[in-house]
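First comes the structure, then the notes that go with it.
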Amino acid sequence: MGRILAIDYGRKRTGLAVTDILRITANPLLTIETKDLMAWLADYFAKEQVDEVVIGHPTQMNGEDSESMNYIRPFMGNFKKQFPDKPITMYDERFTSVLAHQAMLAGGMKKKDRQNKAVVDKIAACIILEGYMDSLR
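If you count by this note's numbering, then the sequence shown holds residues 10 to 146, one letter each, in order.
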């Protein structure tokens, strides 16, 4: 059984999280510049067994797609072309940034660290992954 990788896709930065090999825990991995994402994924997939990818699905409060889908759809198309053997699933990412900030507060993270958007992005990816894993149970 391979890992599940979660992507919190953004125009500038993308947060990543991954499960352990047994798929028990979700762990923040890193935040990467989006322009470097496809090359990073190719390298990561060559090194690690990843069976599934989950990408945050940004929706509005009424359930409709948010404007962010205008750049996530092309990414997903490119992903499917470059990695046809990797299933990619969308999972609702509403409130993940808010939950990430709450988690950082609860964890006692300093204000300066909480303002680092790269940290927020990888924690948001972890929250997406945790929610997805819970939905599988």
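Idealized CB from N, CA, C, for every residue including glycine.
Where does residue 35 land, buried or exposed, given buried means 16+ other C-beta within 10 angstroms?
In the sequence shown, residue 35 corresponds to position 26, counting from 1. Residue 35 comes out buried.
Determine the contact status of residue 22 and residue 59, defining contact as a CB-CB distance below 7 Å.
Locating residue 22 in the sequence shown gives position 13, counting from the first residue. Locating residue 59 in the sequence shown gives position 50, counting from the first residue. No, they are not a contact pair.
Let me confirm a value: residue 48 is counted as buried when at least 16 other C-beta atoms fall within 10 Å, else exposed. Which label applies?
Here residue 48 is taken as the residue at index 39 of the sequence shown, counted from 1. Flag for residue 48 reads exposed.
At least three beta-carbon pairs within less than 8 Å, the segment 14 to 30 to the segment 125 to 139
yes
From this set, 80, 52, 101 and 91, which residue's C-alpha is nearest residue 73's C-alpha?
Start at 1 with the first residue of the sequence shown, and residue 73 comes out as number 64. That would be 101, whose Cα lies nearest to the Cα of residue 73.
Limits of the unbroken beta strand (DSSP E) element including residue 100
On the sequence shown, position 91 is the one that residue 100 refers to. Run containing residue 100: 97 to 101, per the beta strand (DSSP E) assignment.
Rounded to the nearest angstrom, how far is the Cβ of residue 78 from that of residue 97, given a contact under 8 Å?
Counting from one through the sequence shown, the residue named residue 78 turns up at place 69. Counting from one through the sequence shown, the residue named residue 97 turns up at place 88. No, residue 78 and residue 97 are not in contact; Cβ-Cβ is about 14 Å, not under 8 Å.
Grouping DSSP H, G and I as helix and E and B as strand, with all else coil, what is residue 28?
Indexing the sequence shown from 1 puts residue 28 at position 19. Reduced to three states, the DSSP call for residue 28 is strand.
Nearest neighbour of residue 42, chosen from 52, 28, 24 and 53 [CA to CA]
To locate residue 42, count along the sequence shown from 1; it is residue 33. Looking at the Cα atoms, 24 is the closest of the given residues.
Taking residue 37 as part of the beta strand (DSSP E), name the residues at either end of that continuous run.
Sequence index remark: in the sequence shown, residue 37 carries index 28 (1-based). Here the beta strand (DSSP E) through residue 37 covers 35 to 42.
Buried or exposed: which applies to residue 93, given that a residue is buried once 16 or more other Cβ atoms fall within 10 Å of its Cβ?
In the sequence shown, the residue the question calls residue 93 occupies position 84. The residue is exposed, with fewer than 16 neighbouring Cβ atoms inside 10 Å.
Under 7 Å between the Cβ atoms of residue 131 and residue 28?
Stepping through the sequence shown from its first residue, residue 131 is reached at position 122. Stepping through the sequence shown from its first residue, residue 28 is reached at position 19. No, these two residues do not count as a Cβ contact at 7 Å.
Sorted by chain position, which residues of the same chain lie with C-beta nearer than 6 Å to residue 62's C-beta, five sequence neighbours on each side aside?
Within the sequence shown, residue 62 is the residue found at index 53, counting from 1. Excluding sequence neighbours, residue 62 sits near 14, 95 and 97.
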